[in-house]
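According to my numbering, the residues represented by the sequence shown are 350 to 686, in order. Glycine residues also receive a C-beta, built at the ideal position from the N, C-alpha and C atoms.
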Amino acid sequence: MARFADWFGKNADAVIALVLAIVVAVLGLGVNLPNETEITNSGILAVIGLLATSVLRDRGRRIPVEAEVRDTLRASSTTLSELDAKLTHIEGFAGVLADTKRTLDETTVVRVISGAQVAQVLAEARRDTDRWFFKGGTGTYIRARTLPECVAAARRERRTLLFRLEILDPTNVEVCEAYARHRRSVSDGPDATGEPWTLERTRKEAYATILAACWHKQRFAMLDIDIGLAQTMTTLRYDLASSRVVVTRDDPRGEALVVDSAKFYYSWVSAELQTSLDQARRVPVEQARLAPLDDEPTVEEARKLFEVIGIDLAQGYTDRDVIEIIRKALRAKDPYE
350 MARFADWFGK NADAVIALVL AIVVAVLGLG VNLPNETEIT NSGILAVIGL LATSVLRDRG
410 RRIPVEAEVR DTLRASSTTL SELDAKLTHI EGFAGVLADT KRTLDETTVV RVISGAQVAQ
470 VLAEARRDTD RWFFKGGTGT YIRARTLPEC VAAARRERRT LLFRLEILDP TNVEVCEAYA
530 RHRRSVSDGP DATGEPWTLE RTRKEAYATI LAACWHKQRF AMLDIDIGLA QTMTTLRYDL
590 ASSRVVVTRD DPRGEALVVD SAKFYYSWVS AELQTSLDQA RRVPVEQARL APLDDEPTVE
650 EARKLFEVIG IDLAQGYTDR DVIEIIRKAL RAKDPYE
C-alpha cells in the first residue's frame with residue numbers, strides 16, 4: 350500500500366489526466382449525462398491545467414538538474430584544466446628523468462676490466478671488425494694477434510680492412526731510449542715475451558711492426574694500412590675497433606678501460622687517434638710494392654724494403670739483427686700469454 354501511495358504521489362497528475370480523458374471519451378460516445386457540455390469543458394480545462402502543471406513541474410525539476418550539470422561541467426572543466434597542467438608537469442618531469450637517465454648512462458661510459466679479461470675483450474673486438482686504430486709503443490700485440498687475425502677474417506669474408514697504426518719512430522734514439530727506460534722502471538725483469546726492455550729491443554720491435562704491415566699489405570690487396578711514427582712516447586695503448594675502444598697500459602696484468610662504440614667518448618677517442626696520426630711521421634707503405642717480400646723474407650729483401658720506404662735501419666745492424674727483426678715481424682710472441 351505504501352508503494353502504491355508513493356507511486357500515486359509521483360504520478361497523480363498523469364492519473365487524473367488519464368481519468369478525465371476516459372470520461373471525455375465516454376461523453377464523446379454519446380452517453381447522456383447532466384450538463385455534459387459543462388463537464389466536457391471542465392474536463393478539457395482540467396486536462397490542460399494538469400498538462401500545464403506537469404510541464405511546470407518538469408521544468409522545475411529540469412532547472413536544478415541543468416544547474417547541477419552546468420556545475421558538474423564547470424567543475425569538470427576546472428578538473429581537466431588542472432589535469433592538463435599536471436600532465437604538462439608530468440611530461441616535464443619525464444623529460445628530466447630521461448635526461449637524468451642519459452646522464453647516468455654516460456657516466457658509465459667507461460668499463461673497467463681486469464688484466465685477465467683484456468685478451469678476451471680484444472678477441473671480441475677483433476671479431477667482425479672492419480677497422481683498427483692503434484696508438485702505443487712498438488705494436489707487439491698488433492703483430493702477434495690483431496693484424497694477422499683481422500686480415501684472416503677480412504680475407505675469409507672478402508671485405509676491406511682499414512688499419513691505422515701509430516708507433517714509436519725506431520730512428521729516433523731519444524724516444525726509444527725513453528720508452529725502454531719507462532718499461533724498465535715498471536718492471537726491471539723480462540716481460541711475458543721473455544725479453545727485457547732495452548734501447549735495441551725497442552727499436553727492433555718498431556722495425557718489426559713496419560715490416561709486418563708491409564708483408565700483410567702485399568698479401569691482401571684490400572688491406573688499407575697506414576703507419577705513423579711518433580716522436581714522443583705514451584704510457585697508454587689505444588686499440589679501437591668498430592665495436593669498442595680498449596685502453597691498456599704497459600702491464601698486461603693491469604686493469605684496462607673499455608668504451609663501447611655507442612658512447613660519446615668512443616668518437617672522441619677516434620678523432621683524437623686520427624689527429625695524432627696526422628701529426629706523426631708517415632711511412633709510405635704503398636711504396637712497399639717496389640720491394641716484394643717472400644713468405645719467408647730474406648735479409649736482402651728486408652733491407653731493400655726499408656730502403657724503398659725511406660726508413661733507415663740502425664747503423665751497424667748485422668744480418669743477424671735483420672733476421673731477428675724478421676722473426677719478430679712474422680712470429681711475434683703474445684705478451685698476454
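N-terminal and C-terminal residue of the alpha helix (DSSP H) that residue i is part of
| i | result |
| --- | --- |
| residue 502 | 496 to 506 |
| residue 649 | 648 to 657 |
| residue 676 | 668 to 679 |
| residue 556 | 548 to 568 |
| residue 528 | 522 to 535 |
Span separating the alpha-carbon of residue i from that of residue j
| i | j | result |
| --- | --- | --- |
| residue 469 | residue 623 | 25 angstroms |
| residue 644 | residue 458 | 43 angstroms |
| residue 656 | residue 486 | 23 angstroms |
| residue 560 | residue 576 | 11 angstroms |
| residue 530 | residue 626 | 24 angstroms |
| residue 674 | residue 553 | 6 angstroms |
| residue 681 | residue 499 | 16 angstroms |
| residue 579 | residue 629 | 5 angstroms |
| residue 613 | residue 590 | 15 angstroms |
| residue 584 | residue 464 | 16 angstroms |
| residue 522 | residue 548 | 8 angstroms |
| residue 650 | residue 631 | 21 angstroms |
| residue 563 | residue 637 | 6 angstroms |
| residue 506 | residue 596 | 28 angstroms |
| residue 671 | residue 611 | 43 angstroms |
| residue 621 | residue 652 | 33 angstroms |
| residue 532 | residue 501 | 31 angstroms |
| residue 594 | residue 510 | 17 angstroms |
| residue 692 | residue 492 | This structure gives no information on residue 692, because the portion of the chain shown stretches from 350 to 686. |
| residue 569 | residue 467 | 28 angstroms |
Cutoff 8 angstroms; reference residue i; Cβ partners in own chain excluding five residues on either side
| i | result |
| --- | --- |
| residue 668 | 648 |
| residue 541 | 601, 682, 683, 684, 685 and 686 |
| residue 544 | 550 |
| residue 567 | 637, 638, 641 and 642 |
Residue span of the beta strand (DSSP E) that contains residue i, given as start and end
| i | result |
| --- | --- |
| residue 586 | 585 to 589 |
| residue 483 | 480 to 484 |
| residue 461 | 460 to 462 |
Per DSSP, cross-strand counterpart(s) of residue i
| i | result |
| --- | --- |
| residue 516 | 578 |
| residue 573 | 511 |
| residue 476 | None; residue 476 has no bridge partner. |
| residue 470 | Per DSSP, none; premise fails for residue 470. |
| residue 492 | Paired residues: none, contrary to the question. |
7 angstroms CB neighbourhood of residue i in its chain, flanking five on each side removed
| i | result |
| --- | --- |
| residue 676 | none |
| residue 528 | 486, 517, 551 and 582 |
| residue 478 | 499, 590, 591 and 592 |
Residues near residue i in its chain [Cβ-Cβ closer than 6 angstroms; skip 5 each side]
| i | result |
| --- | --- |
| residue 516 | 487, 488, 555 and 558 |
| residue 382 | For residue 382, the predicted structure reports a pLDDT of 49, less than 50, and the residue's modelled location is therefore unreliable. A value from the coordinates is still provided. Contacts found: none. |
| residue 380 | Unreliable positioning characterises residue 380 in this predicted model, as indicated by a pLDDT of 49, which lies under 50. A coordinate reading is not provided. |
| residue 573 | 511 |
| residue 615 | 594 and 608 |
Below-8 angstroms beta-carbon distance, residue i vs any chain B residue
| i | result |
| --- | --- |
| residue 617 | Of the chains in the structure shown, none is chain B; there is only one protein chain. |
> Counting only runs that start and end within the region 597 to 642, where is the alpha helix (DSSP H) found for 4 or more residues in a row?
Replying inline: 613 to 628
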